[in-house]
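Below: one structure, written as structure tokens.
Numbering (my numbering), first residue to last: 1271 to 1511.
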């Protein structure tokens, strides 16, 4: 089953088949429950979709050499962010921290000294994610890192559809004719980083590189994107990937 890996862009039929196949063949009971939990139908209006914003801080950018040091999750809908349901974990990476990663995410050696391995919080994390649409800002971190970390600990990885708020900004500011014209003129591309994206919607700046704060910032950003660029009636299939 480790070879079953969906393409970067898939249809709902692909995801449904992938999830069903993983549910049937998963050996780990937590993963079997995760893949057996139904996701919202792709035609569901965004206003009715249960979501969870996910952010991770890592020791680097390569999931083959670096590890996860913290995870933040914030449950939300388009209309509400119940902060009482937020969760945050610091976990011990499989390899020692270096000074560059400490400077980036400010998690120190002393903070991880008694932190659990990711495996100790994985059951709770996957229970929170199951049946909800996961929202991230730049899925090329959360998706491969979580997949690699779970595979290392449970012998089989975990993949699922996501809404990527950075990708939604890229549609507007990197992939249009105007964006290509700007590049032709030699102008720098519009930033689609998290705080820069939030600023365009009038959202306040938060201190970055904290997994829980960034998860909250991502949830708020998606709410603003839908309010300004889409509608609550937009079907889920228009955004997830």
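Ideal placement from N, C-alpha and C gives every residue a C-beta, glycine not left out.
Buried or exposed by the 16-neighbour rule on C-beta atoms within 10 Å, applied to residue i
{"i": "residue 1362", "result": "buried"}
{"i": "residue 1402", "result": "buried"}
{"i": "residue 1434", "result": "buried"}
{"i": "residue 1451", "result": "Unreliable positioning characterises residue 1451 in this predicted model, as indicated by a pLDDT of 49, which lies under 50. A coordinate reading is not provided."}
{"i": "residue 1353", "result": "exposed"}
{"i": "residue 1506", "result": "buried"}
{"i": "residue 1337", "result": "buried"}
{"i": "residue 1439", "result": "buried"}
{"i": "residue 1380", "result": "exposed"}
{"i": "residue 1485", "result": "buried"}
Backbone CA spacing between residue i and residue j [nearest angstrom]
{"i": "residue 1382", "j": "residue 1376", "result": "11 Å"}
{"i": "residue 1461", "j": "residue 1297", "result": "42 Å"}
{"i": "residue 1501", "j": "residue 1366", "result": "45 Å"}
{"i": "residue 1432", "j": "residue 1390", "result": "24 Å"}
{"i": "residue 1475", "j": "residue 1305", "result": "36 Å"}
{"i": "residue 1329", "j": "residue 1368", "result": "8 Å"}
{"i": "residue 1303", "j": "residue 1496", "result": "31 Å"}
{"i": "residue 1404", "j": "residue 1324", "result": "7 Å"}
{"i": "residue 1335", "j": "residue 1400", "result": "27 Å"}
{"i": "residue 1430", "j": "residue 1340", "result": "20 Å"}
{"i": "residue 1477", "j": "residue 1504", "result": "31 Å"}
{"i": "residue 1331", "j": "residue 1467", "result": "21 Å"}
{"i": "residue 1230", "j": "residue 1308", "result": "Nothing about residue 1230 can be read from this structure; the chain reaches only from 1271 to 1511."}
{"i": "residue 1286", "j": "residue 1458", "result": "39 Å"}
{"i": "residue 1312", "j": "residue 1284", "result": "12 Å"}
{"i": "residue 1473", "j": "residue 1414", "result": "29 Å"}
Identity of the residue in the options nearest residue i by Cα
{"i": "residue 1516", "options": "1342, 1317, 1299, 1285", "result": "Residue numbering for the chain in the displayed model covers 1271 to 1511; residue 1516 lies beyond these limits and cannot be assessed."}
{"i": "residue 1436", "options": "1314, 1491, 1327", "result": "1491"}
{"i": "residue 1342", "options": "1428, 1479, 1384", "result": "1479"}
{"i": "residue 1508", "options": "1386, 1414, 1314", "result": "1314"}
{"i": "residue 1385", "options": "1414, 1359, 1420, 1392", "result": "1359"}
{"i": "residue 1423", "options": "1465, 1387, 1499", "result": "1387"}
{"i": "residue 1530", "options": "1499, 1484, 1459", "result": "No statement about residue 1530 is possible, as the shown extent of the chain runs from 1271 to 1511 and does not include it."}
{"i": "residue 1392", "options": "1468, 1420, 1289, 1347", "result": "1420"}
{"i": "residue 1397", "options": "1299, 1284, 1414, 1458", "result": "1299"}
{"i": "residue 1410", "options": "1511, 1286, 1284", "result": "1511"}
Cβ-heavy atom distance, residue i to the ligand GDP, below 7 Å
{"i": "residue 1508", "result": "Only the bare structure without any ligand can be found here, which leaves the ligand GDP out of the picture."}
Sub-8 Å separation of residue i and residue j beta-carbons
{"i": "residue 1482", "j": "residue 1292", "result": "no"}
{"i": "residue 1322", "j": "residue 1310", "result": "no"}
{"i": "residue 1351", "j": "residue 1489", "result": "yes"}
{"i": "residue 1326", "j": "residue 1394", "result": "no"}
{"i": "residue 1442", "j": "residue 1428", "result": "no"}
{"i": "residue 1407", "j": "residue 1464", "result": "yes"}
{"i": "residue 1333", "j": "residue 1418", "result": "yes"}
{"i": "residue 1426", "j": "residue 1301", "result": "yes"}
Exercise. Just list the beta strand (DSSP E) runs in the region 1353-1424, keeping only unbroken ones of 3 residues or longer that don't cross its boundaries, in chain order.
Key: Counting only runs of 3 or more, we get 1357-1360, 1403-1406.
Practice problem: Tell me the start and end of each unbroken beta strand (DSSP E) in the region 1288-1346 that is at least 3 residues and wholly inside, in chain order. | Solution: As far as the region 1288-1346 is concerned, its whole beta strand (DSSP E) runs of at least 3 residues are 1321-1328, 1338-1346.
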